[in-house]
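Novice: Residue numbers (our numbering), protein chains in the order written: chain B, 1 to 292; chain E, 1001 to 1561; chain Z, 2001 to 2435. Glycine included, every Cβ here is placed at the ideal spot set by N, Cα and C. Encoded as C-alpha cells, here's the structure I'll be asking about.
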C-alpha cells in the first residue's frame, strides 16, 4: 500500500505529534508514504465560506498533484478529507467549474482528471490495513485502559457523500482502539462536534461545547480520548486549560491522543518519537502505564 | 312420570393442558360415584373426532339422556359438543360443560392436589345442573326478504341498490321531496374532485327506474314494532300513514350541519361563511370572483367542551378548497388556521402537501387562544396568534370560511325511540360494537351507515352502506333464523304487570300483552337474564338457567348437594 | 344451480369478517392465508382503541367461527399463484406449502415443541423471544396445529433428530408432505392481505437496532401482552428492569419527503394513546410522553379518548419530533432530545423505553399478487381502488375487491366495514352470475 501523504496546514505548522506518529507507525504496518511536492492549503475551514471557486481550486490542485504521482491521497485531517471529497463531488457535478479550474491549473502544467482516490486515515487503517494486522503487530497491549473515540464531524458527515463511517453509529475508530487491546464503548456525546469551527466567531461557546463533552467522557469512566483530526485534537488537548477556566472546573483533566500516538505506544515505540512530549493534556500517567 | 336420569360424564385430559396438572382418572372415579351418573370416562382429547365419536357411542350404549363434558371453555367448544349430542339423538340443551382448564388447570398449575379437588367440585356442580336440564327447542323465525332503508342520500341509495342487487325488495323512505340528500348541495368531492352530481345522479336514476325499490318521498317513519325478520313499520306519507312489513331496517338518515351563529362573526360580519356555503357557491357560480385573501378557520364549534368530537372531513375539505382557489389564481393568499391537521391516510396527506406546495399558509393556533374575527369597512379582519411563530398575525380578508362540524340529524332522537336503538353521547346512532360490529345495532335486524353514525366523507359512507347491505342481506338470504333457546319465561300467575323488566331489557324483547302482563319475544331475547334478576315478584326465569338449576349448582358448589 | 364459492385472500380480521358474512348468508368461501394460522396483525395486539378490548379475546371467537363454519374452508400456508377467467368464473391455482404435520390428527398439545431441541427467533413475537423449529404459531392459533420450519429443523437440514415424531401422541408428524396445488373456481375474489410496519433501523438518530430499549409499536404490544415474552410485564429488553418512564415517538418514517414516506398512517396517534393508557392502567405512577406532529383524532370517540388520556390518566403530549435518542452507557437510560414547538424550547427527557410508531407500509407480497390478479398498485405498493369515492372497495378488475389495510392504513372498524362491503359486492356478483 502506497499513498501520497497530504499533511495540510495545521499539522505542518503545529501538530507535529500527529505527523511524527504517522510517519513512525504506518510504515511498520506495511504502508508506504510518499511526500507530495508543492501542495498548499486545502481551503478548509475559512476559504470555503468565502469563495467556492477559490476553495475548489486549491483542493483540486492538491488532488491533481496526487494524480500526477499515480497514487491515492491520504489526508490526515478530517477537514482536509472532507474538502477533497466535496471538491471531487462538486467538479463531477459541474463540468463548467472543472473546466475553469483546469484552465488555471494548466498555467502550472497541472491537470485535474477526477479519478484520484481519497482515503481517510481511518479507512486506511481499518479497511485497508485491517484491525487483525494491527492486533498482530501490537507488543504492548493497552490493557485495562478505557479510551473514548471521537471520530469528529467531518469524518462522518454529510451523509450523502463518500462517508468514512456511519453518520449516526460510527464504529471504525472504536474497532481500531480495541485492536490495540484497549476497551471502548458507545457514549451519548460520541458524535458531538468539538466546536473548533465556531472558534472564529463564538469563542466562549466553543469552550463550553468542548468542555461539556470532556466532562461527560470523564463521567463515564474513560481514561482518555482519541481522535484523528488536528482541529479536534487542538481543541481538546491544546485548549484544555482554557476549557477548565471557562467552565470553572479545576478537576477537569483528561488525556487526549492522536490515534497514531496510541498505536505507536502499542507497537512498542518510544513516546518521544511519537511526539507525546508535545501533548498538552496530562498524558504522562497513561504513557507510563503502557510502558510498564 | 319422571324418566330415570342417566348422566354421562366425559373428563378430558386435553393433552397435558389438563392432564398435566389434574388427576383425571381420580376425577372420573369421583364422577362415577355421583348420584344419577350412569357412566364416566376419561378422554385424551374429547373434541377430536375420536372423542366425539366416543360420546355418541356411549349415549347409545349406556342409554344416556344427559351429557357432561369436563374440559375447556364452552365459548369455543360448547357448540361442537352440543352438535355431537344432537347427532346422536340427544337434544342439544341436555348438555352441560364444566371448564376444568381455563378455570382450573391453567390457573392452578402449581397446586395439582387442589386443582384436582376443584375439578371434582366443578364436575359435581355440572352434574347437579345436568340433572335438572330439560330439552329445549330453538324457535325458527321466518325472515321477510324485504328491506327498509330510511334515508335517500348517497348512503341510503347505495344500501338500497345493493339490497336490490342481492335480490331483495326494498322500501326507501325519504324525508324530503326528492332523493339525493346532502350531495345535492355539493360541487366536487375529494380526493378525486369528481362532481357530486356524477356520483349521486346515477344512483338516483337507478333507484327511480327500478321496480324492486319502492320510494316514499316526503315521508317519515312514525312507528316500528316487531323484530328481525318481521318488522311492522308505519310511515307517514303525504297520502296518509302506510304500513310496511319488512325483514330488516337500515338507518341511513345522514346528518346536519352546524350553523355557527355567534362564532367568528358568523351571521354578523359580512364575508363569513361556512364550508358548506362555500361549496354551494362553487356549485352555483363555479368560482370565487374578487376573493384575493381568504382565511379558513378549522374546528369551529367542535373539539371543545360543548362538542368534543372532531368532524373528520373539514381539514381535507379545506385542502381541497385551497388547492382549487390557488390553482385558479396562484397569487391568492389562502390561510388555513388549524389546531391539528386531520389529513389522515395516503390521499389526504398528498392533498395537504399539494396545498402547501401551491402556497397555502397553514397557521397553527392553540385551543385556548382562538382567532378573532371583526367586521371592518373593507371586509372581515382576522387576528390570530400562532405559538409556532410566536406572533400575532392580522389578516385583512375578503372572505372567512368556517369549518363548522357535521352534527346529528334533528330527527335522530325520534327515530331512535321508534326503532329502540341508542344514540351515543354525541347524539349520533350508536353501533353494537365499535370495533367488530361497526354497522350493526345491538338490536337484531337493524343496521346503520353513513353520517347517521358519525362524520365521514362520501367514499367512506358508500362502503359503509354496502357493509350495512351485506349485514342486512344475511338473514334475508337465509330466509329464516333460529333463535337461541336460552330465553326468559314469564310466569303469568306471578307477574303483576309492573313493567320493570320491560324497562330493564337492553334488547327491547319484552312488551305488555293484552292482559297487561309481561310477554317475552323469544326471537329478540338474548338470554342475558337481567329481567329475571330485576323482577320483584320472581316471576321470570331463564330457560336452561332456571332458578332451580342455579340453586342446585350453587348448593353443589358448597358440597350440600 | 348452486352458487359458486368466493375466494378471500388473507386471513386477518378483514378476511375473517368477509368470509363470515358470505358464509352466514349461505355462500361457500375459500379463505386462503399465507401463514400457519389466521388472525393477522390483530392477533398480535394487546388491546384495541378506543374501547380497550383485549384484542385476541374479541378476535378468537370469530377465528373459531371460521374454522367451524360449514361453508368456510380455511387454507393456511397457502398462496394464490395463478388466476384466469373473469367475474363469475375465475379459475384459481393455490399453492399450499407443506406443514409436515397432519392437520386432521394434530391436537395442538404442544409436546413436540416442548421436546424439539432447536431454537429459532420467533417472528410472531417480533423477535423478542424464541420458538422451536416445530411450533404452533400462537396459543389461540386457528388451526391449532403445529408446523415444522424446515429451514431450521435438524431432520430437514441434517437428517437427524426426529424427536417430534417420536413424542407425538397423535402420530401427526409427516416429513414426507409435499407442496400441494389446489384448483378453485370462484365467482369473485376479495383481497384482504393486510399491512406491515416499517423497520426504522435506517433512521440512525433514533438508535433502533443499536439500543435494545428502543422498540417499535408492535414489539411494544408483545411486551405488554400476557402471552408475550415477558408475560405482560413492561420490562426493558436490555436489562429486564421495569420501564417506568416511556416515550412514544410518532410519525417515524412518515410525513416526510426526505427520509421516508410522505403519508400519514392514520392510526398511530390513537394506538399510541391506547398504549399509553395501557401503561398507566398497569402502573399509574409511570411517566408517559407522546411526541407528535398533528394529533389525529378524526374518528368516532377518538378525541374523547385522548381527552381522557390527558385529563384522567395524565399522559403528556408534546408537539415536537425528537431530533435524537441517546443512551447513557452507565445508567442504561435513554435520553430523548426534542423541541417543544409550542414553547419553542429544546429539552432532554430521560426515559427507560422508547416506542417508535413507524409508518405502516405495503406488504412486499402485494406485488406478486397484483401481477397474478391484474391489479394496479399505487406508488407505495398498496392496491389501487377503482375510484376513491364511488368504488373504494372495487378494483379495475370486475369481480375483484379489496378491503382492509391492503389498500392503505386504516383502523379495525374501517377494515371490518370494508370487509362486509366486499361481501356485499361478492353477493351481488354471485346473484348476477348465477343462472
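#1: On the DSSP letters alone, give me the boundaries of the beta strand (DSSP E) that residue 1216 of chain E sits inside.
#2: Mind checking residue 2282 of chain Z: buried by the 16 CB within 10 Å criterion, or exposed?
#3: Short check: CB of residue 2238 of chain Z to CB of residue 2274 of chain Z, under 8 Å?
#4: Going by other Cβ atoms of all chains shown within 10 Å of its Cβ, with 16 needed for buried, is residue 277 of chain B buried or exposed?
#5: Quick check: residue 1136 of chain E and residue 1093 of chain E, are their CB atoms within less than 8 Å of each other?
#6: Output the distance between the C-alpha atoms of residue 2396 of chain Z and residue 2257 of chain Z, rounded to the nearest integer angstrom.
#7: Under 8 Å between C-beta atoms, does residue 2295 of chain Z make it to chain E?
#8: Give the C-beta separation of residue 1312 of chain E and residue 2298 of chain Z to the nearest angstrom, bearing in mind that I take them to be a contact with Cβ-Cβ under 8 Å.
#9: Quick check on residue 1167 of chain E - is its C-beta less than 8 Å from some C-beta in chain Z?
#10: Taking 8 Å as the threshold (C-beta atoms), are residue 1380 of chain E and residue 1272 of chain E in contact?
#11: Is there a C-beta anywhere in chain D that falls below 8 Å from the one on residue 166 of chain B?
#12: Residue 1005 of chain E by DSSP, collapsed to three states: which one?
#13: Count the other C-beta atoms from every protein chain shown that fall within 10 angstroms of the C-beta of residue 1001 of chain E, then say buried if there are 16 or more, exposed otherwise.
#14: By DSSP, does residue 99 of chain B sit in helix, in strand, or in coil?
#15: If you reduce the DSSP assignment to three classes, tell me which class residue 2031 of chain Z lands in.
#16: Does any C-beta atom of chain Z lie closer than 8 Å to the C-beta of residue 298 of chain B?
#17: Let me know the secondary structure DSSP gives residue 2190 of chain Z once reduced to three states.
#18: Can you give me, in chain order, the residues of the stretch 171–198 of chain B that have a beta carbon less than 7 Å from any beta carbon in chain Z?
#19: Please classify residue 1171 of chain E: is it buried, with 16 or more other beta-carbons within 10 angstroms of its beta-carbon, or exposed?
#20: Bridge partners of residue 1296 of chain E, per DSSP?
#21: Beta-carbon within less than 7 Å of residue 1542 of chain E's beta-carbon, same chain only, minus the 5 sequence neighbours each way: which residues are those?
#22: Quick one: does residue 2003 of chain Z have its CB under 8 Å from some CB of chain E?
#23: Residues in the stretch 2355–2383 of chain Z with C-beta within 8 Å of chain B's C-beta atoms, listed in sequence order?
#24: Could you check where the beta strand (DSSP E) with residue 1519 of chain E kicks off and where it finishes?
#25: Taking a contact to mean a Cβ-Cβ separation below 8 Å, would you say residue 2035 of chain Z touches residue 2073 of chain Z in this structure?
#26: Residues in the stretch 2300–2331 of chain Z with C-beta within 8 Å of chain B's C-beta atoms, listed in sequence order?
#27: Could you say which of Z:2371, Z:2325 and Z:2370 lies nearest to residue 2351 of chain Z if we only look at CA atoms?
#28: Suppose contacts are defined by Cβ-Cβ distances below 8 Å. Is residue 1085 of chain E in contact with residue 1043 of chain E by that definition?
#29: Rounded to a whole number of angstroms, what is the C-alpha to C-alpha distance between residue 1456 of chain E and residue 1008 of chain E?
#30: So the candidates are E:1309, E:1551 and E:1251; which of them puts its Cα closest to the Cα of residue 1154 of chain E?
#31: Please classify residue 223 of chain B as buried or exposed, where buried requires at least 16 other C-beta atoms within 10 Å of its C-beta.
#32: According to DSSP, simplified to helix, strand and coil, what is residue 1486 of chain E?
#33: Nearest to residue 181 of chain B by CA position, among B:172, B:134, B:187 and B:80, is which residue?
#34: Using DSSP with H/G/I as helix, E/B as strand and the rest coil, what is residue 2153 of chain Z?
Specialist: Taking the definition as stated:
#1: Here residue 1216 of chain E refers to the residue found at position 216 when the second chain is read from its first residue. Per DSSP, residue 1216 of chain E belongs to the beta strand (DSSP E) from 1213–1216.
#2: Taking the first residue of the third chain as position 1, residue 2282 of chain Z is located at position 282. By the neighbour-count rule (16 or more Cβ atoms within 10 Å), residue 2282 of chain Z is not buried but exposed.
#3: Position 238 of the third chain, counted from the first residue, corresponds to residue 2238 of chain Z. Position 274 of the third chain, counted from the first residue, corresponds to residue 2274 of chain Z. No; because the gap between Cβ atoms is not below 8 Å, this pair is not in contact.
#4: Taking the first chain and counting its residues from 1, one reaches residue 277 of chain B at position 277. Residue 277 of chain B comes out exposed.
#5: Residue 1136 of chain E sits at position 136 when you count from the first residue of the second chain. Residue 1093 of chain E sits at position 93 when you count from the first residue of the second chain. Yes, these two residues count as a Cβ contact at 8 Å.
#6: For the purposes of this step, residue 2396 of chain Z is taken as the residue at position 396 of the third chain. For the purposes of this step, residue 2257 of chain Z is taken as the residue at position 257 of the third chain. Those two C-alpha atoms are separated by around 29 Å.
#7: Start at 1 with the first residue of the third chain, and residue 2295 of chain Z comes out as number 295. Yes, because at least one Cβ of chain E sits closer than 8 Å to the Cβ of residue 2295 of chain Z.
#8: As a working mapping, residue 1312 of chain E is identified with position 312 in the second chain. As a working mapping, residue 2298 of chain Z is identified with position 298 in the third chain. So it is a contact: roughly 4 Å between Cβ atoms.
#9: Here residue 1167 of chain E corresponds to residue number 167 of the second chain, with the count starting at 1. Yes, contact with chain Z.
#10: Start at 1 with the first residue of the second chain, and residue 1272 of chain E comes out as number 272. Start at 1 with the first residue of the second chain, and residue 1380 of chain E comes out as number 380. For residue 1272 of chain E and residue 1380 of chain E, yes; Cβs fall inside 8 Å.
#11: Here chain D cannot be found, since the structure's protein chains are B, E and Z.
#12: On the second chain, position 5 is the one that residue 1005 of chain E refers to. It is coil, neither helix nor strand.
#13: Here the question's residue 1001 of chain E lines up with position 1 in the second chain. Annotation note: pLDDT 49 at residue 1001 of chain E (below 50); position unreliable, no value reported.
#14: Residue mapping note: residue 99 of chain B aligns to position 99 of the first chain, counting from 1. Residue state, collapsed to three classes: helix.
#15: As a first step, residue 2031 of chain Z must be located in the third chain, where it is residue number 31. The answer is strand: DSSP assigns residue 2031 of chain Z an E or B state.
#16: The structure shown does not extend to residue 298 of chain B, since chain B spans only 1 to 292, so no value can be given for it.
#17: Here residue 2190 of chain Z refers to the residue found at position 190 of the third chain. Correct three-state label for residue 2190 of chain Z: strand.
#18: Legend: CB atoms of the stretch 171–198 of chain B lying less than 7 Å from CB atoms of chain Z belong to residues 185, 186, 187 and 188.
#19: One-based indexing of the second chain puts residue 1171 of chain E at position 171. Looking at its Cβ environment, which holds 16 or more other Cβ atoms inside 10 Å, residue 1171 of chain E is buried.
#20: In the second chain, the residue the question calls residue 1296 of chain E occupies position 296. The partner list for residue 1296 of chain E (beta bridge, DSSP) reads E:1336 and E:1401.
#21: Stepping through the second chain from its first residue, residue 1542 of chain E is reached at position 542. For residue 1542 of chain E, where only same-chain residues beyond five positions count, the Cβ hits under 7 Å are 1486, 1488, 1527, 1529 and 1532.
#22: Taking the third chain and counting its residues from 1, the one referred to as residue 2003 of chain Z is at position 3. No, no contact with chain E.
#23: Listed in sequence order: no entries.
#24: Taking the second chain and counting its residues from 1, one reaches residue 1519 of chain E at position 519. From DSSP, the beta strand (DSSP E) with residue 1519 of chain E extends over 1518–1520.
#25: The residue you call residue 2035 of chain Z lines up with position 35 of the third chain. The residue you call residue 2073 of chain Z lines up with position 73 of the third chain. No, the pair does not count as a contact, with Cβ atoms beyond the cut-off.
#26: 2326, 2327, 2328, 2329 and 2330
#27: Within the third chain, numbered from 1, the residue matching residue 2351 of chain Z stands at position 351. It is Z:2325 whose Cα lies nearest to the Cα of residue 2351 of chain Z.
#28: Your numbering for residue 1085 of chain E matches position 85 in the second chain. Your numbering for residue 1043 of chain E matches position 43 in the second chain. No, the Cβ-Cβ distance between residue 1085 of chain E and residue 1043 of chain E is not below 8 Å.
#29: On the second chain, residue 1456 of chain E is found 456 positions in, with the first residue counted as 1. On the second chain, residue 1008 of chain E is found 8 positions in, with the first residue counted as 1. Approximately 56 Å between the Cα atoms of the pair.
#30: As a first step, residue 1154 of chain E must be located in the second chain, where it is residue number 154. Residue 1154 of chain E has its Cα closest to that of E:1251, out of E:1309, E:1551 and E:1251.
#31: By 1-based counting over the first chain, the position of residue 223 of chain B is 223. Counting the other Cβ atoms within 10 Å of the Cβ of residue 223 of chain B gives 16 or more, which makes it buried.
#32: As a position in the second chain, residue 1486 of chain E is number 486, starting the count at 1. Three-state DSSP puts residue 1486 of chain E in coil, outside helix and strand.
#33: Along the first chain, one-based indexing puts residue 181 of chain B at 181. Taking only the C-alpha atoms, the option nearest residue 181 of chain B is B:134.
#34: Numbered from its first residue, the third chain carries residue 2153 of chain Z at position 153. Residue 2153 of chain Z: coil per DSSP, three-state reduction.
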